[in-house]
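See structure below.
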């Protein structure tokens, strides 16, 4: 069978962050996955070594447009620990609120994208409509819809006014109602079930073995959540639960994300209602002492790790960013094996990858290495084979 | 499942592999050598029940290149296995067969630092573009773009 | 002489091609508007499909590398011509002047041509997305065409004629066939949705999987003609269902003077096609895309057997002469 | 080329071009914040379909290309290839600070900095990322530009007048070949 190259999704209106991967397929079945990350490689890690702590935060914020707060929080948290800086409680609460709002907007976005992948545009539109409520809250609090710029080393840059808190609280009940509706839809809507159930299955052992993180791992019953296992901000002091599921497929990942939406609403409500008074930042020293730290953070997509090393100057010596998507690729590569080609978008979307709108999937047949377009004979043969299988 | 991991417990288990020190309440750093890293990972997996790899960090400290494997398990203790490699011929054995997730990190580190992982045949470019010149590793401290080298992009137009 | 002139007016102006273009664009607008409103959006302005069409006609035509230009230019025209011809046999104001015994079969045949054109375009495009889109289009055709044909032939068996206009006339004297053949009606609706490649059967042009399927390499005029073809197929398809199952453009009783019959029939035509469109749009809004192997399973297991059952029921009814 | 006293059909086409701008989205290696804001434009809150704007997957169907983000080395050649696939008349919008100058990524080793060093850009939208209303505004700006281009009979007038930093498209095509 000649090599068939299907670069799914140049200008993909749904997926983010440029990543390209080749799918090595045997006919209709997938054998393995090959990855190319160079489309969006910018050299942020190098640039971070050349900018001081004040200037590096806006840079890290732009690692990713969806988890922008995650990257700055995990970095600021690490640097503060190296400086042995205790940041005020109010600042920690504000960071938590923004973090959970970000999780909400990311999960709503994901649900819409997953629906779009299976052509269910109505759900796509609805979730993104409800996402606007979260965006409004974030915009009121931070002044921007996507890059919030809330963090600085030593605290947060903007305080929450009582009006902002009340406006945010007023939006939550309706959002909660909508999320409940989505829970209902995901459990009952036929086309969603048909396309999500049993797709991209990952057992608990496999999830552990291949290092899946975040909702992908939790959907397989792996009970890991950096918010609980390595508590940061105020997660140790507030009531919330880790959501897990045992399905292990796309359906399970959807359920975990919707469950986390409910938890996030709970956390945000608790934090807004119990927002302590006080300072929002402390003065941070310009330089950090020599040291190294592994800073962990549960971003919407999974565990985000920054390995930071300082050398006594006002710049980091090294910051190594491990994004959740990178950690999840190995498991995606595994759960795509033996799946149908048409399920690639939804399985890939199920880990909520940060992909971009560039060529992404290339199907390469394993038997021959010849590149080219399918010939008519081939096409005939294929459709005949297909047709025989139908009968 | 084993009990809470303490420094003494770790020291006892890995005494012939390297030296351990507690660097944070939940992190123990073990300094080892490239020759021991596979054994170290195996024993950390078996004796300390670390079932997941957080990440492999690479760093250039000016004199040597460092690789740090961060593993954790149900006990929530992070075990960091650090090793140093010489700058002129940085080579380490691959761990992708015993730790499947490390495959992708190894390719990335190979691109950015030029560390060769013995036993990997598929260390092709993953994070730098296909026109990137060989033997240029951007995250090394002494690397700066050479003015006349073509790094990719569009030929003929200097941007 | 006047007859010939009238026929020419019928074919070219009203209710012929001119009306067809206007109505096709209008239905396309309405479809988009309904979908937008159901998704709580505002939706496009009324002239949108027209503006899109004109713009596409005015765009540059790009020939993909290594493509036979002549064939690539011709295929969209063939598809357009096929559905326009099919329209002439569908009764709009009461009775199609071109009707003959067997025009139902001709219409069904002509309606299949756009799918084959898409397949040819996809294969000729030398683009992998288009090729896959083409394969999927044909695969899908094999799945839905049999139940769709069966469902549309049951009215013919029931009425004992192969002419659409006569089936309409039969319903005028007896009863709407939707009451006698509800299964056939549903199968026909599903088949039409699949034929028009709308969600949940938009597998051949699944945007998130294969960009735009066979459409990917089409530009300018070719794209415009293919768009027009799908829009006209929507008119023909809904008119066909309205004629075969919903009594078509005829009142159960005759009016005098005679021209009033035509006007009433035309109003009924508009009303019934809009009703069919509303159902089709609702299906589109309420579902996601299914996979081709799932469609295969559903199509052969349930839809085809439902159509078979319907044929059986009709044969039994005819045999027992329940309806004279 | 159209002249101001064009015939009815040409005037109709000009009108249609203004009323039906189809957009294709290209992420040239940015942080995807701009992308989600473009997608947010499709949503009930902003609903650009009411202006006749559709986001199309295939560049062959598009009139306007929205480029998000600075251009990475790898994406530069792809960006130009995709741009060449769009049929004339075509317009390009560069979104955000990165699209204009590279923004926060200016001067990084894997970046060519700005979109207009690869393809000619007709409109820039400010912001990091631009709000959806600003993106809609950028499309409207493009349409106004289109109107002026129609009045002048082509894009060439902008080079001589120096109104917009537009490079000769032929020049760029030759450079690629």
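Protein chains in written order, with our numbering: chain A, 613 to 1003; chain B, 244 to 402; chain C, 17 to 340; chain D, 3 to 179. For glycine and all other residues, C-beta sits at the position ideal for the given N, C-alpha and C.
Asked                                                                                                                           : Found
Spatial distance of residue 32 (chain C) from residue 138 (chain D) (CA atoms)                                                  : 40 angstroms
Segments assigned alpha helix (DSSP H), at least 4 residues, entirely inside the segment 104-132 of chain D                     : none
Residue 75 (chain D) at chain B interface by Cβ criterion, 7 angstroms                                                          : yes
Three-way DSSP call (helix, strand, coil) for residue 361 (chain B) in this model                                               : strand
Span of the beta strand (DSSP E) around residue 330 (chain B)                                                                   : Residue 330 (chain B) -> no beta strand (DSSP E), and no H or E assigned at all.
Check whether residue 812 (chain A) and residue 676 (chain A) have beta carbons under 7 angstroms apart                         : no
Opening and closing residue of the beta strand (DSSP E) in which residue 195 (chain C) lies                                     : Note, residue 195 (chain C): premise wrong, no beta strand (DSSP E); alpha helix (DSSP H) at 193-196.
Neighbour list for residue 658 (chain A) in chain D, Cβ cutoff strictly below 8 angstroms                                       : 110, 111
Beta-bridge pairing of residue 323 (chain B) - partner residues as DSSP gives them                                              : B:272, B:313
Length of the line joining the Cα atoms of residue 85 (chain D) and residue 234 (chain C)                                       : 16 angstroms
Chain D residues whose Cβ lies nearer than 9 angstroms to that of residue 390 (chain B)                                         : Those do not exist, as residue 390 (chain B) stays about 13 angstroms from chain D at its closest Cβ, beyond 9 angstroms.
Contacts of residue 305 (chain C) in chain A (Cβ-Cβ under 8 angstroms)                                                          : 730, 731, 732, 803, 807
Contact with chain B by residue 932 (chain A), beta-carbon distance below 7 angstroms                                           : yes
Classification of residue 146 (chain D) by the beta-carbon crowding that lies within 10 angstroms, buried from 16 upward        : exposed
Cβ-based neighbour list, residue 395 (chain B), same chain, cut-off 7 angstroms, excluding 5 preceding and 5 following          : 372, 374, 375
Segment limits, alpha helix (DSSP H) that includes residue 267 (chain C)                                                        : Segment: none, residue 267 (chain C) is in no alpha helix (DSSP H) and carries neither H nor E.
Cutoff 7 angstroms: residue 737 (chain A) Cβ touching any chain C Cβ                                                            : yes
Proximal chain E residues relative to residue 671 (chain A), where beta-carbon distance stays under 7 angstroms                 : Of the protein chains in this structure, namely A, B, C and D, none is chain E.
Beta-carbon spacing of residue 134 (chain D), residue 39 (chain D) below 7 angstroms                                            : yes
Residue 58 (chain C) vs residue 49 (chain D) beta-carbon contact at 7 angstroms                                                 : yes
beta-carbon residue 39 (chain C) near the ligand HEM non-hydrogen atom, thresh 6 angstroms                                      : Among the components of this structure there are no ligands whatsoever, and the ligand HEM is therefore not found.
Simplified DSSP state of residue 163 (chain C), which is helix, strand or coil                                                  : helix
Residue-chain proximity (residue 340 (chain B), chain A), Cβ-Cβ < 7 angstroms                                                   : no
Coil, strand or helix - residue 316 (chain C) by DSSP                                                                           : helix
Test: residue 833 (chain A) CB closer than 7 angstroms to a CB of chain B                                                       : no
Check whether residue 842 (chain A) and residue 856 (chain A) have beta carbons under 7 angstroms apart                         : no
Continuous alpha helix (DSSP H) assignments of at least 4 residues falling wholly in the segment 169-257 of chain C             : 180-189, 193-196, 198-211, 223-226
Between the CA atoms of residue 261 (chain B) and residue 251 (chain B) - distance to the nearest angstrom                      : 13 angstroms
Span separating the alpha-carbon of residue 42 (chain C) from that of residue 289 (chain C)                                     : 12 angstroms
Per DSSP, cross-strand counterpart(s) of residue 295 (chain B)                                                                  : B:315
Distance, residue 16 (chain D) Cα to residue 9 (chain D) Cα                                                                     : 11 angstroms
With 16 other Cβ atoms within 10 Å as the buried cut-off, status of residue 891 (chain A)                                       : exposed
Straight-line gap, residue 221 (chain C) to residue 230 (chain C) (C-alpha atoms, nearest Å)                                    : 7 angstroms
Residue nearest to residue 733 (chain A) in terms of C-alpha spacing, selected from C:129, C:156, C:155, C:51                   : C:51
Pick from A:955, A:868, A:895 that is closest to residue 912 (chain A), judged by C-alpha positions                             : A:868
At least three beta-carbon pairs within less than 8 angstroms, the segment 765-779 of chain A to the segment 816-830 of chain A : no
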